[in-house]
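Q: The structure that follows is given in the form of structure tokens.
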Amino acid sequence: MDAMTALHTRVSSPRLVEPAPTPEHREAIFKAALRAPDHAALRTWRFLCVEGEGRLELGEKMVAAALRQDPALSEAMQTRRLNSPQRAPLVIVAVVRLREHPKVPAIEQWLSVGAATSNMLLAAHALGYGAMWRSGSLSYDRSFMTDIGLQAEEHIVGFLYMGSVASALKSPAEHVVSDYFSPWPAAT
Ligand SMILES: Cc1cc2nc3c(=O)[nH]c(=O)nc-3n(C[C@H](O)[C@H](O)[C@H](O)COP(=O)(O)O)c2cc1C
Numbered sequence: 024m025d026a027m028t029a030l031h032t033r034v035s036s037p038r039l040v041e042p043a044p045t046p047e048h049r050e051a052i053f054k055a056a057l058r059a060p061d062h063a064a065l066r067t068w069r070f071l072c073v074e075g076e077g078r079l080e081l082g083e084k085m086v087a088a089a090l091r092q093d094p095a096l097s098e099a100m101q102t103r104r105l106n107s108p109q110r111a112p113l114v115i116v117a118v119v120r121l122r123e124h125p126k127v128p129a130i131e132q133w134l135s136v137g138a139a140t141s142n143m144l145l146a147a148h149a150l151g152y153g154a155m156w157r158s159g160s161l162s163y164d165r166s167f168m169t170d171i172g173l174q175a176e177e178h179i180v181g182f183l184y185m186g187s188v189a190s191a192l193k194s195p196a197e198h199v200v201s202d203y204f205s206p207w208p209a210a211t
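Here it is, written out as structure tokens:
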């Protein structure tokens, strides 16, 4: 798929199945992440690739953290949490490792990892895979981050679910460019 088609047709796929991207495709998708704009080349990103049994362990840690947030969490919600990493054969946790820099504030470091994550969504789509960027309250839960091995200066930017699409892709929403883009200064 050419780049403009990929950019114009990418949609999220909530239900993803095996197979996950092949090693060759994975390499291409991950390389796309590493081409994201990155002020001062800080390389503040790292990505945890969770698959197979690892998804079960991730689900267990999600349940434990969710119970710390809400000890009265229902059995149904616990099961939902436990199974959430099973929604795709590959779950990539995008992490920003913030550092002090005189010219690159934290927000730019977050944005850079966001751009890297977006590049992966697009690259996966261009190669015929499905993907979806998710977050949720655990993305901001420090005890959960510690549980999965993040350091104090590290934060979760998102969970990128990736695999093969289970059913037909939805149609991309149509947008009117002029709703969002306007000349500046405005004509008087
Ligand atoms: C930072 C970020 C976090 C998101 N978190 C969630 C989420 O937790 N759950 C969800 O359903 N969609 C989430 N989304 C939105 C989806 O990834 C997706 O963009 C949205 O459903 C629109 O679908 P589309 O990508 O096909 O246009 C998130 C998007 C971003 C950028």
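First residue of the sequence shown? That's 24 in the working numbering, and the numbers climb one at a time after it. No residue lacks a Cβ here, since even glycine has one placed at the ideal position from N, Cα and C.
Between 124, 179, 204 and 144, which lies nearest to residue 44 when the distance is taken from Cα to Cα?
A: Closest by alpha carbon: 144.
Q: What are the uninterrupted segments assigned as beta strand (DSSP E) that are 3 or more residues long and contained completely in the region 58-135, given in chain order?
A: Listed in chain order, the complete beta strand (DSSP E) runs (minimum 3 residues) inside the region 58-135 are 68-74 and 113-120.
Q: Return the Cβ separation of residue 139 and residue 57 in integer angstroms, given the expectation that the two are a contact with Cβ distance under 8 Å.
A: Confirmed, about 7 Å.
Q: Can you check which of these residues, 181, 135, 202 and 27, is closest to residue 72 by C-alpha distance?
A: Checking every option, the nearest Cα to that of residue 72 belongs to 181.
Q: Tell me which residues share the same chain as residue 195 and place their Cβ nearer than 6 Å to its Cβ, disregarding the 5 neighbours each side in the sequence.
A: So the list reads 32 and 34, once near-sequence residues are dropped.
Q: May I ask which residues mark the beginning and end of the alpha helix (DSSP H) holding residue 190?
A: Looking at the DSSP string, residue 190 is not in any alpha helix (DSSP H), and its letter there is neither H nor E.
Q: Let me make sure I understand the geometry here. Which of 147, 112 and 74 has the alpha-carbon closest to that of residue 47?
A: Comparing Cα positions, the closest option is 147.
Q: Exposed or buried, what is residue 107 when buried is set at 16 or more other beta-carbons lying within 10 Å of its beta-carbon?
A: Per the 10 Å Cβ criterion, buried.
Q: Can you grab the Cα-Cα spacing for the pair residue 89 / residue 166, in whole Å?
A: Distance between the alpha carbons of residue 89 and residue 166 is about 10 Å.
Q: Does the pairing of the region 156-163 with the region 94-101 give three or more beta-carbon distances under 8 Å?
A: Contact between the region 156-163 and the region 94-101 is absent, because fewer than three Cβ pairs lie under 8 Å.
Q: Give me, in chain order, the residues of the same chain whose beta-carbon lies closer than 7 Å to that of residue 63; leave out the 5 immediate sequence neighbours on both sides.
A: So the qualifying residues of the chain are 124, 126 and 127.
Q: Apply the 10 Å Cβ neighbour rule to residue 30 and answer buried if 16 or more other Cβ atoms are within range, or exposed otherwise.
A: The residue in question, residue 30, is exposed, as its Cβ has fewer than 16 Cβ neighbours within 10 Å.
Q: Please identify the residue among 28, 185 and 61 whose C-alpha is closest to the C-alpha of residue 137.
A: The shortest Cα separation from residue 137 among 28, 185 and 61 belongs to 61.
Q: Would you say the beta carbon of residue 157 is closer than 7 Å to some non-hydrogen atom of ligand 1?
A: Indeed, a heavy atom of ligand 1 lies less than 7 Å from the Cβ.
Q: Would you tell me roughly how many angstroms separate the C-alpha atoms of residue 102 and residue 83, rounded to the nearest one?
A: Looking at the two C-alpha atoms, the distance is approximately 10 Å.
Q: So which of 170, 153 and 115 has the shortest CA-CA distance to residue 193?
A: The residue with the shortest Cα to Cα distance from residue 193 is 153.
Q: Any idea if residue 68 is buried or exposed, counting beta-carbon neighbours within 10 angstroms, 16 or more meaning buried?
A: With 16 or more Cβ atoms within 10 Å of its Cβ, residue 68 is classed as buried.
Q: Give me the Cβ distance between residue 185 and residue 39, rounded to the nearest whole Å; I'm assuming they're in contact under 8 Å.
A: Contact holds; Cβ gap of about 7 Å.
Q: In this structure, how does DSSP classify residue 181 when only helix, strand and coil are distinguished?
A: Residue state, collapsed to three classes: strand.
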